[in-house]
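Below is one structure; the comments refer to it alone.
Numbering (the numbering used here), first residue to last: 108 to 740.
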């Protein structure tokens, strides 16, 4: 799709490929269809209807463009109009995602805008704008949603602020385009120009980028770094330039080869400045994404506009060890033209090229950006990237329930020192009374001998209070056994019967003076065992994209937890055409790529196919879902 360019309506597609191919470009809403044939090493230009763009400020129109080819091709969108030109690299459906952030440029002469193209029917889109836009559904920070069908194109135009950082999400893959109808870059410079780029989904952003200044410019170029998560640190040539939160960007001017690195994924755009910024008349604003190093490939076929852009360049970055291996249109570029990019281990060069098609290749992966200038005009776009290997795999955040089991093992060490002193008083006293009849005179001598053997029976009960000052209460019970021996001698005259009354008084009053020294050491050992409640297995089919398909398709399914997965594909008559038994599904969304071939590795015929997805875990029984897909050739 093309966001609105008020200057004039001349949109087109440039298509190229490494292998021979045929295909069609269609815009069903405009009843437009055009066949094309790809000859390797050349480009094919498809001129689109003048109405093939979005004109709504907040609305949907059936003007999305669908390109179908018999083999892999590269597609560039070019809107050429004198003094209002720009281009973008079209991304294949397999590289689309469901979560994006808008990247545009600040309003001045023109208005920030972005577009969305739907690849599938019944696609729900949710937009959370970072600014409030009059006359639209967009309020800052408030999500709004709508439904799109295949071929629909939506556009949101801001009349009040930059849309960069606006969140865009969908329940099916979508294409998103960042744009400004006529941007002054930087905002203080004139003159404005139309800018546009197709944006990659957030999960295709990167952390390591290499850039080379645009040729002919005297004061460098404007760059924006957009953060996907909070606390993102961005460095340029080893120096920290910004710490960004989610949806925030940093804008700067770079004048030299630059190595841009971040500790979390970011999106990087390089903008050509307006002519008044450095006084170069053959120039104007344009917008060009810088792809991360991970998306480099080893060959590109690119093209300049067929006319109207006399000055064209390629910015090439490659590993230092391979600067002599870049082949441009059959000729090796001299390594002497490359200069190092900081400490990245890569080097870069700006190479002037003529109007037309150009083939660049090497034995290793490298990066290419294409751009050009005319009087008060410019265009730029990435030369390509390894998007065939990038698939959107969102994750879910499962909720865990923990049942904690706590075991306490107290260990108490008690050391007591008890000193007791017992005093028994007084000494026992004995009184002896003697009565005799008849009268006589008697001499009586009595010498009592006492032996006291005390026997103690002690019962101790202790009450310990674990405070800073331990308190002990002790009770003792004593039992005393008294043994007495009496030896007496007497001289009697006469007959008498003596009567003795012996009174023994023995009062024992024990006094216990305890002295207690106590040391109490308490050790509490706690063992905590967390027993998580397992997440039950849930399996949901999300369909296959595209459906119907011509050559291949992606079967998408969702799992609540990691599981073993089997996928069977049948004909409607029950014949098994494909059976995968040892797939490992991860919690979240999963993709199974079917190349449209059967078990004999032959392409299947056109028709309706049924696929069954089964998932199981060692704990959960097998679950399965069945859905249909169609092959059309």
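Just so you know, even glycine gets a beta-carbon here, dropped at the ideal spot from N, CA and C.
Close Cβ partners of residue i (< 7 Å) along its chain, the five nearest in sequence each way excluded
i, result
"residue 296", "380, 381, 383, 384"
"residue 259", "167, 169, 171, 225"
"residue 243", "164, 165, 263"
"residue 738", "655, 656, 703, 711, 713, 714, 716"
"residue 317", "366, 400, 424, 448, 451, 453, 455, 474"
"residue 650", "663, 734"
"residue 670", "644, 692, 722, 723, 724"
Residue from the options with nearest C-alpha to residue i
i, options, result
"residue 191", "666, 344, 736, 112", "112"
"residue 193", "300, 322, 356", "300"
"residue 122", "116, 115, 131", "131"
"residue 108", "142, 143, 158, 129", "158"
"residue 428", "436, 434, 442, 415", "442"
"residue 371", "294, 393, 314", "314"
"residue 479", "419, 433, 195, 252", "419"
"residue 706", "691, 473, 674", "674"
"residue 410", "466, 294, 288", "466"
"residue 487", "430, 426, 397, 435", "397"
"residue 685", "700, 663, 693", "700"
"residue 215", "432, 266, 642", "266"
"residue 189", "481, 696, 161", "481"
"residue 310", "205, 298, 689, 110", "205"
"residue 362", "255, 342, 329, 390", "329"
"residue 718", "708, 726, 736", "736"
"residue 430", "417, 437, 438, 444", "444"
Straight-line gap, residue i to residue j (C-alpha atoms, nearest Å)
i, j, result
"residue 399", "residue 207", "17 Å"
"residue 247", "residue 209", "14 Å"
"residue 241", "residue 286", "19 Å"
"residue 388", "residue 483", "6 Å"
"residue 263", "residue 165", "5 Å"
"residue 249", "residue 202", "28 Å"
"residue 698", "residue 348", "38 Å"
"residue 278", "residue 270", "22 Å"
"residue 200", "residue 324", "35 Å"
"residue 457", "residue 367", "18 Å"
"residue 227", "residue 135", "14 Å"
"residue 155", "residue 117", "7 Å"
"residue 468", "residue 405", "6 Å"
"residue 364", "residue 288", "29 Å"
"residue 435", "residue 472", "14 Å"
"residue 680", "residue 161", "45 Å"
"residue 402", "residue 432", "19 Å"
"residue 658", "residue 218", "40 Å"
"residue 306", "residue 460", "26 Å"
"residue 642", "residue 694", "10 Å"
"residue 326", "residue 142", "44 Å"
"residue 688", "residue 185", "45 Å"
"residue 257", "residue 282", "11 Å"
Chain-order list of residues whose beta-carbon lies under 8 Å from that of residue i (same chain, five-residue window excluded)
i, result
"residue 730", "644, 645, 646, 721, 722, 723"
"residue 124", "145, 147, 176, 178, 179, 180, 181, 408"
"residue 395", "304, 376, 377, 378, 379, 476, 478, 487, 488, 489"
"residue 683", "675, 676, 677, 706"
"residue 652", "200, 226, 227, 279, 280, 660, 661, 663"
Chain-order list of residues whose beta-carbon lies under 6 Å from that of residue i (same chain, five-residue window excluded)
i, result
"residue 710", "703, 704"
"residue 331", "356, 358, 376"
"residue 173", "133"
"residue 150", "121, 123, 410, 464"
"residue 294", "213, 215"
"residue 369", "314, 339, 341"
Presumed contact (8 Å Cβ cut-off) between residue i and residue j, rounded CB distance
i, j, result
"residue 290", "residue 392", "5 Å"
"residue 475", "residue 421", "6 Å"
"residue 350", "residue 424", "Between residue 424 and residue 350 the Cβ distance is about 26 Å, and since that is not below 8 Å, they are no contact."
"residue 449", "residue 338", "Rounded, the Cβ-Cβ distance is 24 Å, inconsistent with contact."
"residue 233", "residue 276", "5 Å"
"residue 373", "residue 335", "7 Å"
"residue 196", "residue 491", "7 Å"
"residue 386", "residue 272", "Between residue 272 and residue 386 the Cβ distance is about 32 Å, and since that is not below 8 Å, they are no contact."
"residue 230", "residue 255", "5 Å"
"residue 284", "residue 221", "6 Å"
Length-filtered (3 minimum) beta strand (DSSP E) runs lying within the segment 189-269: DSSP runs (the beta strand (DSSP E)) wholly in the segment 189-269: 193-197, 204-208, 219-225, 230-235, 250-255, 260-264.
Unbroken stretches of the beta strand (DSSP E), 3 residues or longer, contained in the segment 118-197: Within the segment 118-197, the beta strand (DSSP E) runs of at least 3 residues that lie entirely inside it are, in chain order, 118-123, 128-134, 139-145, 150-154, 165-168, 173-176, 181-186, 193-197.
Runs of beta strand (DSSP E) wholly within the segment 679-738 (minimum 3 residues, chain order): For the segment 679-738, whole beta strand (DSSP E) runs of length 3 or above, ordered along the chain, are 683-692, 695-701, 714-723, 730-738.
Inside the segment 456-492 only - beta strand (DSSP E) runs reaching at least 3 residues: DSSP runs (the beta strand (DSSP E)) wholly in the segment 456-492: 464-481, 484-489.
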